[in-house]
Every structure is written in structure tokens, then in C-alpha cells.
Amino acid sequence: MLRVDRMMPSNDFFIWVPLLFLCSSLLLLKSIRKEAKPNNKLLPPSPPKLPLLGHLHLLGSLPHRSLSQLSKKYGPVMLLQLGSVPTIVISSAAAAKELFKFHDLASCSRPRLTGSGRLSYNFLDLNLSPYGERWRELRKICTLQLFTARRVQSFWEIREEEVGRLVNSIAQSSSSSSPIDLSDKLYSLTANITTRVAFGSIFSGGKLDDEYFQHVIRRAVAAIGSFSMTDFIPTFGWIIDRLNGVHGRLEKSFAEMDAFFQHIVDDRRNFKKTSKNEENIVDVLLRMERESSEVTQDCIKALIMDIFLAGVETGATTIVWTMTELVRNPRVMKKLQDEIRSCIKEDLVKEIDLEKLEYLKMVVKETFRLHPPIPLLLPRETISPLKLNGYDVDSKVHLHINVWAIGRDPQSWTDPEEFFPERFIGSNIDYKGQNFELIPFGSGRRICLGMNMATLTVELALANLLLSFDWKLPNGMKEEDVDMEEVDGLSAAKKSPLRLIPVPYF
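Count along the sequence shown from 1, then add 3; that gives the number in the working numbering.
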């Protein structure tokens, strides 16, 4: 016999349902009043929207793809209402050029978000979303201290050693002629390089071991890429986030990251260096803290997180996508291997050799075009009203630049879906923020400062993987059978692990 109390709604039911109904009614009334006001501004095209949700239902699990499809119908400058947040989506090189060239200052702030944004935007960008004097001063300090060509070059030995360890590890695995999980090995590579650059050594034992480190980073990336209703409907979205568990996961991930980086900072404060050559990035940041009142402990932790997310997740994702495209295009792989093996006469490619490998650089550009590290650049927020493509854009509007769509725009690229590195022969197009057909690292004041460090790791790893091994698909798999599905999240990584059989070349 059923118990009566199991058939009755819980007390929470009688609390949440009326509250949700009241909040929804108030928000709907506010929306109706706002739309009833006369508006003489010329707004960008916009799809039909729903009450309260606006266009949230159109985003899908992979927003860069959904927004790309919408832009084909509504244009390269499109207005969306994501809950209560007015949002402009830019999907063409021409519109991106106009924004960055003429409106960079008016659009260089970051939105202050409260849901997933607590991790992704309040922690990133030096914990300073609003553009202002302090942000400019901090960025200047970081540019001069952390991301100069000399500083990036100073870590060459770490990168070469870790890539050498990767090659040796794969060589040992190749004796069994079984497929290896290349995705996992590349994640470990970028994690080890970033850890040594930041902390001076790889984790070994204790709480800060390699497994724990990767666990923390993966959880943070998942949290940043998660969908939080609080970000879009602040009035009652937090209720939904609490009910579906999003709020709890975000809070747990934030606390985990904060404790992790606090431990790192405390450890380096107490570490006694015997020479200046032992100075790593955390040491540099602590020195900056002593020399400048602008650099606080929170800024240090924010910068460490910037470096880790850029150096680990996006770096590994780019190498995996490049190897995936190469195994699907044997002609390109053979041409690249021929270049590397004809230029390099030693067992390993060194960083100084990378300048000789012109076709390698074309292959990396082509990967950035088709698989940018972050398909939707981190959103901006307008500081003041501006005109974009002839349309009026108010202040406090969020801006999303869909670099994934720009890289596949037939207006800019011939056969845009094809992996064809030769398209860059004789071309001056680069990915450093001035050629708006290819801006995987963004442009303007918010361009990624770690761009040079990331591309050196990608090029060095690829060159050595292709010098030392031939690569086969497992179990008679054909090129067209390789899974190209993306996982939802910040970096749109390959969903299934890349499993290949390495055949030693030497």
C-alpha cells in the first residue's frame, strides 16, 4: 500500500512554484512595457523570440554552430535577446574588422556575470571586467613582465624536454602495435609544460599530483562552458540553477580552483631560490606584487588561471584537431612529413628549427581556421553606444565574435569546409589579430597575450610527432570514419579520444 506522504508534493513545491510564477509574470510585464515604447533606432536583424527566454532556445548544445546557421539567414551582424541580455553576434570578417578597427575602445569591457561567469570572467582578465585605468596598468605590467618574446623564449628548454618525453613514451607504447590514446598523451604534454613554466616542476606526490591537477582543470573548463540561467535571467534564473544543480557545481569548482591556486602561491612564497635562473612565472608574479600595488594576490591567482586554461586545454585541443585532420588527409600528412624529414637531420626537432618548416605553419593556420581554440571569443560588453554595419548598438550590450563561422565564411575562403593548407601559399594572412578572416586569438585590447607561447608548443609537438612516427588508423578504419563530433564547452574539443597506431620512423 502506498504511503500518503509519498503522494503529496513536498514543501519546496509550494514555495518554488508560486515564486517562479510571480517572477515570470513581472519579467513578462516589464518586457511588454519595454517593447511598447517607441524606438527610432535601426537595430540589427533578429529572429522571432519567445517571452522571457528570448532566443535562448535557439542556442543549442554547440552555440557556435547554431549561431552560424542563424547568421546565414539574418546576416553577419545579428541581434539576439538571451533572456534579459541584449546580444550582438558577429559572423563575418568585414564586421569584425569594423568592430576592432573603429570601435575597439567602445567595446572592450567584459560583462559582469554571476553564474558560469563567476569562473570564466570574474577570474579571467585579471579579475577586472570593466575596462579602466587599473586594467590598463595591469595589462601593461603583464605584457612587459610575462609575455615578452624574451620571456617566452626563455622556456624553450622546458618545451623541448617535455616533447622529448612524449616521443619516448609513445615509442615505448608502439612496441605493442596497439592504438594509443593520443588525446590523453597530448593533454599530459601541455599540462606538464604549463606546470613547469608556471611552478618550476611537475607535480609528484602529495595533494598537488598530476592526476589531481588535471581533474581540477577539466572541472573548471566544464564549469566555464556550462549553461547558467542566472547569467541570462538574473531575476529568477538562480532558482533554476539551484534546482538543476548548476549553482552547486559552479560553487564547488570555484572553491576547488581557488584553494588549488592559493596552495601554489603559498608554496612559492616559502620556496627559497638559489639562483635567479630558477624564477618561474609564479615567482615573477610575486615579485610584481612586491613592486606594484596594482598586483594583488587575487590578480596573481587570476593570471595563473589564465595561463593554465590557455596553456593546457586549448593547446592540447589544437594539437588533437590537427592530428585528426592529418589522418583524414593522408596527402597533407605525407607532404608535411616530407618537409620535416628533409629539413631535420637529428632525432628531434628543436625550436630553432621551426622557422624552416613553412608548410607546418600553413597546416597550423588551417587548423586555427577550422578549429579555433575558442570558437566563440569570450564576450565583450559595449562601454558606449556605437554604429556597426549601419546598425545602432547601445551601451551594456554583449558582443560575441563567432570566429568559427568567420573561418568558414565562403565570402572569405574558397571551399571553406576543406582542409587545404596550400591556400596560405603566397598569402600574408596571419592569426595575430590584423587579418580578420583569421582571428582565433581575438584582436585589439583583449587579444590573447599567450598566443606566442601556445603556438610554439603546438608547432614543436606536431613537428616531432610527425618526424618520429608514421600514424595509422586502428582496426581497418577509413579516413571518412574518423569521428569529428565536438564536445560542448569553451574550447569545443574533439568529443571522442583520438586513438591512433604509431609506427616508429627511425
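Even glycine gets a Cβ: it sits at the ideal position worked out from N, Cα and C. Being a predicted model, the structure only gives us computed values, none of them experimental.
Quick check: what's the CA-CA separation for residue i versus residue j?
i      : j      : result
SER181 : GLU420 : 32 Å
GLN300 : LYS337 : 49 Å
SER398 : PRO54  : 23 Å
LEU288 : ALA152 : 17 Å
LEU85  : HIS58  : 5 Å
ALA223 : PRO443 : 21 Å
ARG449 : VAL396 : 20 Å
LEU391 : LEU82  : 12 Å
THR325 : GLU384 : 32 Å
SER87  : LEU192 : 42 Å
LEU459 : THR238 : 45 Å
LEU45  : TYR394 : 5 Å
LEU189 : SER387 : 43 Å
GLY447 : GLY436 : 7 Å
LEU62  : GLN72  : 10 Å
ASP418 : PRO500 : 27 Å
PRO477 : ARG293 : 54 Å
ALA466 : PRO79  : 37 Å
SER177 : GLY318 : 24 Å
ILE347 : LYS76  : 49 Å
LEU149 : PRO51  : 46 Å
What does the Cβ neighbour count give for residue i, buried or exposed, with the cut at 16 atoms within 10 Å?
i      : result
ASP412 : buried
ASP309 : buried
PRO47  : buried
VAL506 : exposed
ASN171 : exposed
GLU425 : exposed
MET456 : buried
VAL155 : buried
MET291 : buried
TYR434 : buried
ILE173 : buried
SER110 : buried
HIS374 : buried
ASP234 : buried
LEU129 : Note that LEU129 scores a pLDDT of 42, beneath 50, so its modelled location is shaky and nothing firm can be said.
LEU108 : exposed
MET487 : exposed
ILE18  : For ILE18, the predicted structure reports a pLDDT of 45, less than 50, and the residue's modelled location is therefore unreliable. A value from the coordinates is still provided. ILE18 is exposed by the Cβ-count criterion.
PHE264 : buried
Using only alpha-carbon positions, find the residue among the options that is nearest to residue i.
i      : options                        : result
VAL268 : VAL285, ALA466, ASN438, SER74  : VAL285
ILE432 : LYS364, VAL396, ASN405         : LYS364
ALA194 : HIS266, VAL315, ALA223, PHE423 : VAL315
PRO376 : CYS451, PHE422, GLU259, LEU476 : CYS451
LYS359 : PRO477, GLU342, ALA262         : GLU342
LEU389 : ILE173, VAL400, LEU380         : VAL400
ARG245 : ILE428, MET232, ARG344         : MET232
SER95  : LYS348, PRO89, ILE404          : ILE404
LEU402 : ASN43, TRP138, PRO51, ARG113   : ARG113
SER186 : ASN478, MET480, LEU468         : LEU468
TYR362 : GLU462, GLU160, GLU164, GLU488 : GLU462
SER64  : ARG252, ILE93, ALA495, PHE509  : ALA495
LYS368 : LEU441, PRO382, ALA466         : LEU441
GLY479 : LYS497, ARG502, ARG272         : ARG502
LYS498 : THR320, SER430, PHE150         : THR320
SER179 : PHE257, ILE504, ILE303         : ILE504
LEU380 : GLY445, ILE355, ARG344         : GLY445
TYR508 : LEU470, ASP491, GLY492, GLU489 : LEU470
SER49  : ASN43, ILE91, ARG168, HIS60    : ILE91
VAL366 : ILE428, PHE274, PRO378         : ILE428
Looking at the strands, I want to know which residues DSSP matches up with residue i.
i      : result
MET81  : VAL92
ASN405 : LEU379
GLU489 : LYS497
ASP184 : ARG502
SER112 : GLU384
TYR508 : Answer is none; TYR508 lacks a bridge partner.
TYR394 : LEU391
ARG53  : What sits at residue 53 in the sequence shown is Leu, not Arg. According to DSSP, LEU53 bridges with GLY57.
LYS475 : ILE504
Taking only beta-carbon atoms, is residue i less than 8 Å away from chain B?
i      : result
LEU391 : The question asks about chain B, but that chain is absent: this structure has only one protein chain.
Assuming residue i and residue j are in contact, meaning their beta carbons sit under 8 Å apart, how far apart are those beta carbons, in whole angstroms?
i      : j      : result
GLU482 : PRO333 : 7 Å
THR146 : PHE311 : Not really, about 19 Å apart at Cβ, beyond 8 Å.
GLU259 : VAL200 : Between VAL200 and GLU259 the Cβ distance is about 22 Å, and since that is not below 8 Å, they are no contact.
GLU328 : PHE472 : About 17 Å; that fails the 8 Å criterion.
ALA408 : HIS67  : 7 Å
TRP138 : VAL330 : Actually they do not touch by this definition, with Cβ atoms about 43 Å apart.
LEU70  : VAL298 : The pair is not a contact, with the Cβ atoms about 37 Å apart (cut-off 8 Å).
ILE322 : ALA464 : 5 Å
GLU2   : ARG162 : This structure leaves residue 2 out entirely; the chain is present only between 4 and 509.
Is there at least one non-hydrogen atom of the ligand COA closer than 7 Å to the beta-carbon of residue i?
i      : result
LYS475 : The ligand COA is not part of the structure shown, which contains no ligands of any sort.
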